[in-house]
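Number of protein chains: 2
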Amino acid sequence: MTTATRADRRAAICEAVFELLGEVGYDRMTMDAVAARARASKATIYRGWPSKPELVMEAIEHRFGGSMEPPDTGSLRGDLLAQLGAVCAAAEGADGAVFTGLLTAATHNAELAECLFRCAYSTKHSMYEAMLRRAELRGEVAPGTTAELLHEVLHAMVTSRRMWQNGPLDRAFVERLIDGVLIPMLTRS
Amino acid sequence: MTTATRADRRAAICEAVFELLGEVGYDRMTMDAVAARARASKATIYRGWPSKPELVMEAIEHRFGGSMEPPDTGSLRGDLLAQLGAVCAAAEGADGAVFTGLLTAATHNAELAECLFRCAYSTKHSMYEAMLRRAELRGEVAPGTTAELLHEVLHAMVTSRRMWQNGPLDRAFVERLIDGVLIPMLTRS
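Residue numbers (this note's numbering), protein chains in the order written: chain S, 1 to 189; chain V, 1001 to 1189.
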């Protein structure tokens, strides 16, 4: 098998995992269903990924892993609007439902929890740091303001609203969170 | 049956539901197991609560429903330390595991989600409002500062950390959240 074919096969398997996660959820997804959906032999699946958690973690890496370029709009508020808008759009879309199911499965599986946290959270951290370094150069935040709390609050608010379904992830929510919480906490004296 | 006996029976059934939710989770909990645990007849259970969601909602009301007295320490920071400390202690305890499981089940059940949100969230709102009205009288926050965002951020941060298991719900977390997020957002000029 050529390298290109192997990568295509891998991508097809990861896509099949995500489709099935969205359709039936983690607990009811089977390795056999993944093989059927990806038009791969069961032997291929089991050879590459001996267990369901390993297969799902590979799919998470494939879809969510890697860093992201931060938006660069020229102001901290503009960058936050763009970034939080993108996070909300993703949470409202198909990936959001998959993600909620994974978060749920992860509460009973420490390895899956660690993978999910690393791919969907830790790898995005440098983007928030880059955003704040630019804000610092523009004099919008104090020198040395770190992104830890910004990242955690932003993520917690979107995840929580998605889980509880206690309100829409719309523009009003985004602006309220930015103007009522994020900018005050980043610019406190 | 006397009123007292009926209330005792009801409390025993609700306790059995919570024990089983903690042990096996929502999906695997059966009405029959609840009857056995509460030493009640299956007829009693099915007569009072025809379905599992109804039984679980009754238990949620029993355990989490009702308002709470806000702490009154003499300062906004002291009140927040006491309240957030209590929320974290509950989340770290046995109820926290039950709660995470329910939140998970609620993502597939709108009626359960609504009940959970009402009992564990909405009924607690007046407590945060009372805390801010006292802070307003002491001149710690601007007149008319509302509790909506405070309540949502506090809840989201604790729930998210509990779900992701991405850090302890300890005193350092509580202080960082209060001094880095909650007080800056409540006292912004």
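For each residue, glycine too, the CB sits at the ideal point set by N, CA and C.
Alpha-carbon spacing of residue i relative to residue j, whole angstroms
i	j	result
S:Asp27	V:Thr1159	22 Å
V:Glu1061	V:Tyr1121	12 Å
V:Cys1119	S:Arg37	42 Å
S:Ala59	V:Pro1143	51 Å
S:Ala97	V:Arg1171	33 Å
S:Thr107	S:Gly101	10 Å
V:Thr1146	V:Pro1070	15 Å
V:Glu1092	V:Leu1084	12 Å
V:Met1068	V:Met1131	12 Å
V:Met1185	V:Phe1173	17 Å
S:Ala33	S:Arg134	47 Å
S:Ile183	V:Val1181	10 Å
V:Thr1030	V:Cys1088	30 Å
V:Leu1103	V:Leu1169	18 Å
S:Met57	S:Thr123	15 Å
V:Glu1175	V:Gly1074	17 Å
V:Asn1166	S:Gly78	28 Å
S:Ala11	S:Gly48	13 Å
V:Arg1138	V:Asp1072	12 Å
V:Phe1099	S:Gly22	23 Å
S:Ala86	V:Arg1162	24 Å
S:Glu111	V:Ile1178	31 Å
V:Glu1129	V:Leu1080	12 Å
V:Met1127	V:Ala1040	36 Å
S:Val153	S:Gly25	27 Å
V:Arg1006	S:Ala156	42 Å
S:Glu148	S:His125	8 Å
V:Ala1016	V:Arg1009	11 Å
V:Leu1076	V:Phe1064	25 Å
S:Ile45	V:Pro1050	44 Å
V:Lys1052	S:Glu19	29 Å
S:Leu55	S:Cys14	8 Å
S:Arg188	S:Ala113	33 Å
S:Phe117	S:His151	13 Å
V:Pro1095	S:Cys115	The sequence shown places Asp at residue 1095 of chain V, rather than the Pro named in the question. Answer to the nearest angstrom: the Cα atoms are 26 Å apart.
V:Ala1043	V:Glu1140	56 Å
Endpoints, alpha helix (DSSP H) assigned at residue i
i	result
S:Gln205	With chain S covering 1 to 189 only, the question about residue 205 of chain S has no answer from this structure.
S:Val56	Lys52 to Phe64
S:Tyr128	His125 to Leu137
S:Asp32	Met31 to Arg37
V:Gly1048	Lys1042 to Gly1048
S:Glu111	Ala110 to Ala120
S:Pro184	Ile183 to Thr187
Problem set entry | Interfacial residues, the region 1068–1087 of chain V to chain S, with Cβ spacing under 9 Å | none
Exercise. In the region 146–176 of chain S, which residue ranges form an unbroken alpha helix (DSSP H) of at least 4 residues, counting only runs that do not cross its ends?
Worked result: 148–164
Exercise. Name the residues in the region 1010–1024 of chain V whose C-beta lies less than 8 Å from a C-beta of chain S; which are they?
Worked result: none
Exercise. Of the residues that make up the region 158–171 of chain S, which ones have a beta carbon closer than 7 Å to any beta carbon in chain V?
Worked result: Thr159, Ser160, Met163, Trp164, Gln165 and Asn166
Problem set entry | Positions along the region 50–67 of chain S whose CB lies within less than 8 Å of some CB in chain V | none
Exercise. Using a beta-carbon distance cut-off of less than 7 Å, what residues from the region 1102–1114 of chain V approach chain S?
Worked result: Leu1103, Thr1104, Thr1107 and Ala1113
Problem set entry | Against chain S: residues of the region 1120–1136 of chain V by CB proximity under 8 Å | Tyr1121
Exercise. Looking at chain S, which residues of the region 1138–1155 of chain V have a Cβ within less than 8 Å of any of its Cβ atoms?
Worked result: Leu1149, Glu1152, Val1153 and His1155
For this session: Note down, in chain order, all residues in the region 22–46 of chain S with a beta-carbon under 7 Å from any beta-carbon belonging to chain V.
Result: none
For this session: Determine which residues of the region 90–102 of chain S have a Cβ less than 8 Å from any Cβ of chain V, and write them out in chain order.
Result: Thr100 and Gly101
Exercise. Of the residues that make up the region 1178–1189 of chain V, which ones have a beta carbon closer than 7 Å to any beta carbon in chain S?
Worked result: Gly1180, Val1181, Pro1184, Met1185 and Arg1188
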